[in-house]
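Residue numbering for the sequence shown follows my numbering, starting at 19 and increasing by one per position.
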Amino acid sequence: MRHRLPPPSSGRAVPDRKRVRAQPEMADPGERNYDNMLRMLSDLNKDLEKLLEEMEKISVQATWMAYDMVVMRTDPALAEFMHRLEDAFLNCKEEMEKSRQELLSETKRKQ
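Have a look at this one:
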């Protein structure tokens, strides 16, 4: 339910609300400003909710990073294992790139 501010009192007769709704060009400027303000506040609320969700995701990522750092510092063997895993990955990547280059050169020769 929308709450509306009463129109400003100017001492003149207030037009019937049904007529105002039927003829939007005669709508009270204060009422339009109020509607615009409500729409703006609603948009702002949605934007803030999206930002909050993003901050929650970042917070979870930072928590996991901190956890990983603690685990690696308390278990030195894990750091060595991670280093060996990285080396194996780089060697595999290098072999895959060589295979890709060989395949490309073979394809070019056939054309």
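Note that beta-carbon positions come from the ideal geometry of N, C-alpha and C, so glycine has one too.
To the nearest whole angstrom, what separates the beta carbons of M90 and A84, a pair I think is in contact under 8 Å?
Not a contact, Cβ separation roughly 11 Å.
8 Å Cβ cutoff, D105 in contact with chain C
Of the chains in the structure shown, none is chain C; there is only one protein chain.
Quick check: the Cα distance between M87 and S77, rounded to an integer number of angstroms?
Straight across, the Cα-Cα distance linking M87 with S77 is about 15 Å.
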